[in-house]
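Below is one structure, written out as structure tokens; the observations come after it.
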Amino acid sequence: MQALLNYLMFILGIWNAIVFLIYAFDKYKAKHQLWRISEKTLLIVTFCFGGIGGLLAIYIFHHKIRKGIFIATAILSCLMITILIGYITANLTYIP
């Protein structure tokens, strides 16, 4: 079970790094008036366990900071990650 937690943490770390880079790329495109990544795509990748990367990107790049739905989605995703990791950690000691 510990291996599962380690694997999950690794995957979540990679995924959140990808989400962070997606936000960074969209910010770059916004500054250079290029075709943008859709808000729907940004919300989906953030909601699918990308909240940590999304929140970091929102505050570091000041990107989508005025749109509350992005911050709310990122916080909800962080909450889901916390619950998932807490559930797995709580069940590490109990092996039927």
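Our numbering puts the first residue of the sequence shown at 94, with every later residue one more than the last. We treat Cβ as the ideally placed atom computed from N, Cα and C, and that holds for glycine.
(message) Buried or exposed, going by whether 16 or more other CB atoms sit within 10 Å of the CB of residue 170?
(response) buried
(request) Round the Cβ separation of residue 166 and residue 139 to the nearest angstrom and send it over; I've been treating them as touching at under 8 Å. (result) 5 Å
(request) Grab the span of the alpha helix (DSSP H) containing residue 95 for me, first residue to last. (result) 95 to 124
(message) Rounding to the nearest angstrom, what Cα-Cα distance links residue 142 and residue 122 in this structure?
(response) 24 Å
(request) Alpha carbon to alpha carbon, how far is residue 147 from residue 156? Give it in angstroms, no decimals. (result) 10 Å
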